[in-house]
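In what follows, a single structure is set out as structure tokens and then discussed.
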Amino acid sequence: MKFHLLITPHEEEKVTAQLHQESTFSNDLKEFVLSQGNSNKLIAYDDNDLVQISFENIAFITIISEKLYLITKENKKYLLKERLYQIAQKLPDYFWKINKSSIVNRHEIERFNVISGTGVNVIMKNGISDYVSRRCFSQIRKELES
Numbered sequence: 473m474k475f476h477l478l479i480t481p482h483e484e485e486k487v488t489a490q491l492h493q494e495s496t497f498s499n500d501l502k503e504f505v506l507s508q509g510n511s512n513k514l515i516a517y518d519d520n521d522l523v524q525i526s527f528e529n530i531a532f533i534t535i536i537s538e539k540l541y542l543i544t545k546e547n548k549k550y551l552l553k554e555r556l557y558q559i560a561q562k563l564p565d566y567f568w569k570i571n572k573s574s575i576v577n578r579h580e581i582e583r584f585n586v587i588s589g590t591g592v593n594v595i596m597k598n599g600i601s602d603y604v605s606r607r608c609f610s611q612i613r614k615e616l617e618s
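For the sequence shown, the numbering used here begins at 473 and goes up steadily by one.
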């Protein structure tokens, strides 16, 4: 495989790859290149409209009725068309997985609420609450203690 980099400051940027066949590598490369201009945003859907939501505006990501939704600080809900694990890989470190179906922005957490006998809930600044699994809470505690 050959590699050639040409920097031309006054021309439109483009990336061209010539491959023998499509592969995991070519798909990863395509996703990487296309995401570079929007590396701090997720692509979501508001009805049929495509929108970009910045990470800072995301409070909560969760599965509702087998569909993945992003919920903003203002409680606006957007549909995501990727799987939770794919979204998790794109998010910065200040997002925590709290159970098998939800991820939260740690900056948007108001508090953790211990419920006797049943576990822990997270209460978000926008009023949303969800349970935190024991395994996830253990990891969160380790991170907070370090």
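No residue lacks a Cβ here, since even glycine has one placed at the ideal position from N, Cα and C. Since the structure is predicted, the reported quantities are computational estimates derived from the model, not experimental observations.
- Item | DSSP-derived helix/strand/coil call for SER498 | helix
- Residue ranges of each alpha helix (DSSP H) within the segment 508-568, 4 or longer: 556-562
- Message: ARG583 and ILE595 - do their beta-carbons sit closer together than 7 Å?
- Response: yes
- Item | the segment 550-564 contacting the segment 572-582, beta-carbon criterion three pairs below 8 Å | yes
- Query: Using 8 Å as the threshold, is the segment 515-534 in touch with the segment 543-558, meaning 3 or more CB pairs across them?
  - Reply: yes
- Message: At 3 residues or longer, what runs of the beta strand (DSSP E) sit wholly inside the segment 577-603?
- Response: 581-587 and 591-596
- Item | Terminal residues of the alpha helix (DSSP H) in which LYS614 lies | 606-617
- Out of ILE581, LEU501 and VAL586, state which residue places its alpha-carbon closest to the alpha-carbon of PHE532. ILE581
- Item | For SER573, the three-state DSSP class (helix, strand or coil) | coil
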